[in-house]
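**Q** Take this structure first; my questions come after.
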Amino acid sequence: MRFRFGEHIAEGQSYKVGVWLITILLAANQFLIGAMVPKAQGQSALRSLKTLIGGQSAQAREIIATKINPDGRTTSVVKQPTITEVPAEPKGMDAVEAAKVVMIATGTPFYAPPGISFDDPVGALAAWQPFERQIQLPSDREQRFQKIISTMTCDYCCGGPTQVTAINRCGCRHAQAYRSIAKHLMQNYGDKYTDEEILGELQRWKGVWYPKGVIEDYLLATGRVNVLGHQTHGGAGAGGMHGVAGN
């Protein structure tokens, strides 16, 4: 900060006034630094919205997703590769409506069994569930499947802000459907797509089942949290913002 002082004080007195002001300011500065240390340490991991992810500017095989942190208890918002293409934000559209275009998948993905579509979230939830029990994977793909389901999180209906629930230890219907999709993709496309791409594709289904949550996370990640706010959910952290500073 720049401070301007003594501009209207006689020249003979300006030096003395300046010295006193600088002394007072330095003392106050040291006091404030000391008072802020605990807060600064507590927020050292926070990321500024200004340095996060930009909006989806072009169609691409990637999506904004939640990813479990090394602590195993919270999540961050990141860009995640996918199997199907994710649309770009339409220009000139309301921010929420544009976020819906990006985050809420539509149509029928090429890998879906007959009768399963993004456009029928309720029907798809029921239709996917039996695949987990029906599919048996060879050992190498079973290991990959187990890795995926131990890192995919059930954010919006399970767990708490500092205790995220991975889908391998969640009993809700959505977790079962995620596991079924992952197993189906691993069985039929495991030689073509990576674990990260399969994990990202599960996030696309998360969007049709929890549209409000994924839209809020997208707006948070793209620096527009004030549009809707951000309701805390599983893994969102003590501050409910995935470790993102709201500045």
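The opening position of the sequence shown corresponds to residue 17 in the numbering used here, with each subsequent residue numbered one higher.
Using N, Cα and C, we set each Cβ at its ideal position, and we do this for glycine too.
#1: What distance in whole Å lies between the Cβ atoms of P130 and V118, which are believed to be in contact at a cut-off of 8 Å?
#2: Quick check: what's the CA-CA separation for G256 versus G123?
#3: So, does the segment 205-220 touch the segment 85-93, judging by three or more C-beta pairs under 8 Å?
#4: According to DSSP, what are the bridge partners of Q72?
#5: Can you list, in chain order, the residues of its chain with a C-beta nearer than 7 Å to that of Q46? Leave out the 5 residues immediately preceding and following it.
#6: In chain order, what residues of the same chain have a beta carbon less than 8 Å from the beta carbon of K32, not counting five sequence neighbours either side?
#7: Residues in the same chain with beta-carbon distance under 8 Å from R157, minus the five sequence neighbours each way, listed in chain order, please.
#8: Using three-state DSSP, classify S92 as helix, strand or coil.
#9: Which two residues bound the contiguous alpha helix (DSSP H) that contains K107?
#10: Give me the DSSP bridge partner(s) of K83.
#11: Taking just the CA atoms, how far does Q162 sit from P154?
#12: With a Cβ-Cβ cutoff of 8 Å, do E113 and G71 count as a contact?
#13: By Cβ distance, which residues of its chain are closer than 7 Å to D233, with the 5 residues on each side in sequence left out?
#14: Quick one: is K107 buried, meaning 16 or more other Cβ sit within 10 Å of its Cβ, or exposed?
#15: Could you give the distance in angstroms between the alpha-carbon of G176 and the alpha-carbon of A252?
#16: Which full runs of the alpha helix (DSSP H) of 4+ residues lie inside the segment 201-261, going along the chain?
#17: Taking DSSP as the reference, what is the three-state secondary structure of G131?
#18: Output the distance between the C-alpha atoms of C186 and H200, rounded to the nearest integer angstrom.
#19: Which residues in the same chain have their Cβ closer than 7 Å to the Cβ of A254, if we skip the five residues on either side of it in sequence?
#20: Assign Q192 to one of two classes, buried (16 or more other C-beta atoms within 10 Å of its C-beta) or exposed (fewer than that).
**A** According to the structure data:
#1: As a working note, residue 118 is residue 102 in the sequence shown. As a working note, residue 130 is residue 114 in the sequence shown. Going by Cβ atoms, the distance from V118 to P130 rounds to 27 Å, so no, they are not a contact pair.
#2: Sequence index remark: in the sequence shown, residue 256 carries index 240 (1-based). Sequence index remark: in the sequence shown, residue 123 carries index 107 (1-based). C-alpha separation (whole angstroms): 32 Å.
#3: no
#4: Within the sequence shown, residue 72 is the residue found at index 56, counting from 1. The partner list for Q72 (beta bridge, DSSP) is empty, contrary to what the question assumes.
#5: Start at 1 with the first residue of the sequence shown, and residue 46 comes out as number 30. Note that Q46 scores 35 on pLDDT, short of 50, meaning its location in the model is unreliable; the coordinates nonetheless yield the value given after this. Cβ neighbours of Q46 beyond the five flanking positions: none.
#6: Stepping through the sequence shown from its first residue, residue 32 is reached at position 16. Its pLDDT being 42, under 50, K32 is placed unreliably by the model, and the measurement read from it follows with that caveat. So no residue of the chain qualifies.
#7: One-based indexing of the sequence shown puts residue 157 at position 141. Once the five neighbours on either side are set aside, the close Cβ partners of R157 are M202, Q203, G206.
#8: The count along the sequence shown starts at 1 and reaches residue 92 at position 76. The answer is strand: DSSP assigns S92 an E or B state.
#9: Reading the sequence shown from its first residue, position 91 is the one you call residue 107. K107 -> no alpha helix (DSSP H), and no H or E assigned at all.
#10: Numbered from its first residue, the sequence shown carries residue 83 at position 67. Per DSSP, S92.
#11: Here the question's residue 154 lines up with position 138 in the sequence shown. Here the question's residue 162 lines up with position 146 in the sequence shown. Rounded to whole angstroms, P154 to Q162 spans 12 Å at the Cα level.
#12: The count along the sequence shown starts at 1 and reaches residue 113 at position 97. The count along the sequence shown starts at 1 and reaches residue 71 at position 55. The answer is no: Cβ separation not under 8 Å.
#13: Within the sequence shown, residue 233 is the residue found at index 217, counting from 1. Result list for D233: I80, T82, V93, in chain order.
#14: In the sequence shown, residue 107 corresponds to position 91, counting from 1. Counting Cβ neighbours within 10 Å, K107 comes out exposed, since fewer than 16 surround it.
#15: Your numbering for residue 176 matches position 160 in the sequence shown. Your numbering for residue 252 matches position 236 in the sequence shown. Roughly 8 Å separates the two Cα atoms.
#16: 211-225, 227-237
#17: Along the sequence shown, one-based indexing puts residue 131 at 115. In the structure shown, G131 sits in coil (DSSP, three-state: anything other than H, G, I, E or B).
#18: By one-based count along the sequence shown, residue 186 stands at place 170. By one-based count along the sequence shown, residue 200 stands at place 184. Computed Cα separation, rounded: 19 Å.
#19: Along the sequence shown, one-based indexing puts residue 254 at 238. Closer than 7 Å at Cβ, skipping near neighbours: P177, T178.
#20: Counting from one through the sequence shown, the residue named residue 192 turns up at place 176. Its Cβ being crowded by 16 or more others within 10 Å, Q192 is buried.
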